[in-house]
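J.:
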Amino acid sequence: MQIRPEQPQDHSGIAALTSEAFRNAPHSGGNEAAIIEALRADQALILSLVAEAAGGAGLTGHISASRCRIGTADQALIAPVSVLPAHQGQGIGSALIRAALEALRLQGWPGVALVGDPAFYARFGFQARPGLSCEGIPAEYVQSLSLGSAPAPVGPLILHPAFFTA
Ligand SMILES: CC(C)(COP(=O)(O)OP(=O)(O)OC[C@H]1O[C@@H](n2cnc3c(N)ncnc32)[C@H](O)[C@@H]1OP(=O)(O)O)[C@@H](O)C(=O)NCCC(=O)NCCS
1 MQIRPEQPQD HSGIAALTSE AFRNAPHSGG NEAAIIEALR ADQALILSLV AEAAGGAGLT
61 GHISASRCRI GTADQALIAP VSVLPAHQGQ GIGSALIRAA LEALRLQGWP GVALVGDPAF
121 YARFGFQARP GLSCEGIPAE YVQSLSLGSA PAPVGPLILH PAFFTA
């Protein structure tokens, strides 16, 4: 398995695998692939990595990140993360998250936010924090991680408009 930045020829494969990964996810809005495309169209994807099976067997996973704000602080936001159902539970999602965190740290982002199940994301150091919130989402699902020595900021999490319009 290889993790690498997306290339233009990956766009349709990313959309297909994202739709497939979220098809039966209970929290899916059904628009995750459209969100990625809207972020890309707005040049708002600060990171887009694919996991590719060995031997050119195709894409098995994807992770993207965009700019967000927590209060007035600029932060990175990881969303969405997708692994094809047949390949879940093999460490691909974890490898994508670790690769994204390292890439975002190298890009100089002070911290990362996401909305997701703490049972999965706590293992990477993500935490819900008093004062960190996102409208309409239970507070325990809104999590962040500092990538440097500064404490993670708190405040309302403000996402790119694509998350609401796509
Ligand atoms: C979430 C997802 C990306 C994880 O990818 P993966 O390759 O299966 O993850 P890994 O194999 O690295 O890790 C598996 C671990 O995560 C846990 N896990 C996977 N999905 C989880 C979820 N939604 N909630 C809680 N735990 C989850 C598994 O139970 C397993 O735990 P264990 O290591 O303690 O046994 C993948 O399941 C997926 O694409 N799900 C559908 C889309 C989605 O919900 N994306 C995340 C929200 S943006």
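When we follow the UniProt record's numbering, the leftmost residue of the sequence shown carries the number 1, and every step to the right adds one. For glycine and all other residues, C-beta sits at the position ideal for the given N, C-alpha and C.
Under a CB-based cut-off of 9 Å, is F164 close to chain B?
T.: Going by chain labels, chain B is absent from the structure shown, which holds only one protein chain.
J.: Any residue with its C-beta under 7 Å from a non-hydrogen atom of ligand 1 counts. Can you list them all in chain order?
T.: A21, F22, A25, H27, G61, A79, P80, V81, S82, V83, H87, Q88, G89, Q90, G91, I92, G93, S94, A95, G116, D117, A119, F120
J.: Could you give the distance in angstroms between the alpha-carbon of A103 and the alpha-carbon of R129?
T.: Taking the first residue of the sequence shown as 1, we reach residue 103 at position 103. Taking the first residue of the sequence shown as 1, we reach residue 129 at position 129. In a straight line, the C-alpha of A103 is about 24 Å away from that of R129.
J.: With a threshold of 8 Å on Cβ separation, who are the neighbours of N31 within its own chain once the five nearest residues in sequence on each side are excluded?
T.: Here residue 31 refers to the residue found at position 31 when the sequence shown is read from its first residue. Only A166 meet the Cβ criterion.
J.: Would I70 and A152 qualify as a contact pair, given that the criterion is a beta-carbon distance under 9 Å?
T.: If you number the sequence shown from 1, residue 70 lands on position 70. If you number the sequence shown from 1, residue 152 lands on position 152. Their beta carbons are under 9 Å apart, which means I70 touches A152 by this criterion.
J.: When DSSP labels each residue in this structure, what does H11 get in the three-state scheme?
T.: On the sequence shown, residue 11 is found 11 positions in, with the first residue counted as 1. H11: helix per DSSP, three-state reduction.
J.: Quick test of the definition: if touching needs 3 or more C-beta pairs under 8 Å, does the region 83-100 touch the region 27-46?
T.: no
J.: Among P138, Q143, S64, which one has its Cα closest to the Cα of I36?
T.: Numbered from its first residue, the sequence shown carries residue 36 at position 36. Nearest option by C-alpha distance: S64.
J.: Under 8 Å by Cβ, that's how I've got G116 and S146 pegged, so tell me the actual separation to the nearest angstrom.
T.: One-based indexing of the sequence shown puts residue 116 at position 116. One-based indexing of the sequence shown puts residue 146 at position 146. With a Cβ gap of about 17 Å, G116 and S146 do not count as contacting.
J.: Entirely within the UniProt domain "N-acetyltransferase" (1-148) and at least 3 residues each: give me those beta strand (DSSP E) ranges in chain order.
T.: Counting only runs of 3 or more, we get 2-5, 45-52, 59-70, 73-83, 111-115, 142-146.
J.: Less than 6 Å between C-beta atoms, sequence neighbours within five positions excluded: which residues of the same chain meet that for V154?
T.: Within the sequence shown, the letter at position 154 stands for residue 154. Counting only Cβ-Cβ distances below 6 Å, and skipping sequence neighbours, we find R129, G131, L132.
J.: Using 9 Å as the threshold, is the C-beta distance between P161 and Q143 below it?
T.: Here residue 161 refers to the residue found at position 161 of the sequence shown. Here residue 143 refers to the residue found at position 143 of the sequence shown. No, the Cβ-Cβ distance between P161 and Q143 is not below 9 Å.
J.: Report the option in E140, A100, V50 whose CA atom is closest to the CA atom of A76.
T.: Residue mapping note: residue 76 aligns to position 76 of the sequence shown, counting from 1. Nearest of E140, A100, V50 to A76, Cα basis: A100.
J.: Just the Cα atoms here: how many angstroms apart are P85 and A15?
T.: In the sequence shown, counting from the first residue as 1, residue 85 sits at position 85. In the sequence shown, counting from the first residue as 1, residue 15 sits at position 15. CA-to-CA, the gap between P85 and A15 works out to about 14 Å.
J.: Starting from P156, follow the beta strand (DSSP E) in both directions and report where the run begins and ends.
T.: The count along the sequence shown starts at 1 and reaches residue 156 at position 156. Counting along the chain, the beta strand (DSSP E) containing P156 begins and ends at 155-158.
J.: Look up A162 in the DSSP assignment and say whether it is helix, strand or coil.
T.: Along the sequence shown, read from residue 1 onward, the residue named residue 162 stands at position 162. A162: helix per DSSP, three-state reduction.
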